[in-house]
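Engineer:
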Amino acid sequence: MNRRGAVSYTHLDVYKRTELDRLGRNNKELTETMDLLRTNGVTVEILNLPSFKDIKDENLRQLLNNLILELYKYQAESERRSIRERQRQGIEIAKKNGVYKGKPVIYTKDTKDPQKKLVYLKVVELLEKGVSKTEISRKTGISRPTIYGIEKKYKEN
Numbered sequence: 025m026n027r028r029g030a031v032s033y034t035h036l037d038v039y040k041r042t043e044l045d046r047l048g049r050n051n052k053e054l055t056e057t058m059d060l061l062r063t064n065g066v067t068v069e070i071l072n073l074p075s076f077k078d079i080k081d082e083n084l085r086q087l088l089n090n091l092i093l094e095l096y097k098y099q100a101e102s103e104r105r106s107i108r109e110r111q112r113q114g115i116e117i118a119k120k121n122g123v124y125k126g127k128p129v130i131y132t133k134d135t136k137d138p139q140k141k142l143v144y145l146k147v148v149e150l151l152e153k154g155v156s157k158t159e160i161s162r163k164t165g166i167s168r169p170t171i172y173g174i175e176k177k178y179k180e181n
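The sequence shown maps to residues 25 to 181 in the numbering used here.
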């Protein structure tokens with residue numbers, strides 16, 4: 025089963041994964057995947073989580089499983105958030121030190137590529153005429169976010 029694709033559940037009784045975070049990128053996606061599997065009668069086993077197979081009471085076993093899954097989903101999402109935050113902080117520091125400059129801008133008036141320079145000049149001309157970003161995108165073949173970037177740099181100069 026992949027995140028976006030469908031699976032035939034007719035032959036699945038148990039769906040095993042080594043780690044919970046292999047089922048989705050965030051709590052919502054994990055919950056949706058788990059619910060989809062459960063509603064189709066599939067038992068989900070996460071191999072690195074505690075197993076409660078020895079507990080005879082089905083309701084208690086389900087309760088404990090759900091509790092553990094919720095805790096691990098929360099932990100996995102928190103970990104992803106902290107990784108992103110640390111990455112953002114590292115990029116900020118690198119930018120201040122002049123080490124990280126981001127993706128190079130390819131559409132500028134100073135670019136060496138004559139075709140990209142012509143596109144830049146055409147975008148600026150259309151922006152000055154008040155043409156919408158969507159229309160400029162259609163005419164030039166470049167994305168609206170790129171047009172916004174060109175506009176921002178143009179206004180700065």
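C-beta: ideal position from N, C-alpha, C; glycine also.
Bear in mind the structure is a predicted one, so any value in this text is a computation, not a measurement.
Report the residue from D137, D134, T164 and P138 whose alpha carbon sits nearest the alpha carbon of V147.
Structural biologist: Comparing Cα-Cα distances from V147 to each of D137, D134, T164 and P138, the minimum goes to T164.
Engineer: Just curious, the beta strand (DSSP E) that K40 is in, first and last residue?
Structural biologist: Note, K40: beta strand (DSSP E), V38 to R41.
Engineer: Pull up the DSSP beta-bridge partners for E69, would you.
Structural biologist: DSSP lists K40 as partners of E69.
Engineer: Count the other CB atoms within 10 Å of the CB of T63; is the residue buried (16 or more) or exposed (fewer)?
Structural biologist: Result: exposed.
Engineer: Exposed or buried, which one is L71 when buried takes at least 16 other CB atoms within 10 Å?
Structural biologist: Exposed, by the Cβ-count rule.
Engineer: With a threshold of 16 other CB atoms inside 10 Å of the CB of A100, please say whether the residue is buried or exposed.
Structural biologist: When all chains shown are included, A100 counts as buried.
Engineer: Compare the Cα-Cα distances from R104 to each of R49, T42 and D37 and report the closest residue.
Structural biologist: Out of R49, T42 and D37, R49 has the C-alpha closest to the C-alpha of R104.
Engineer: Is the stretch 81 to 96 in contact with the stretch 127 to 137, if contact means three or more CB pairs nearer than 8 Å?
Structural biologist: In short, these stretches do not touch, since the Cβ pair count stays below three.
Engineer: Rounded to the nearest angstrom, what separates D78 and G114 at their Cα positions?
Structural biologist: Distance between the alpha carbons of D78 and G114 is about 46 Å.
Engineer: Note the first and the last residue of the continuous alpha helix (DSSP H) segment covering R85.
Structural biologist: Taken as a continuous stretch (DSSP letters only), the alpha helix (DSSP H) holding R85 covers E82 to K120.
Engineer: Report all residues from its chain with a CB closer than 8 Å to the CB of Y124; omit the five preceding and five following residues, and keep chain order.
Structural biologist: Cβ neighbours of Y124 beyond the five flanking positions: I115 and A118.
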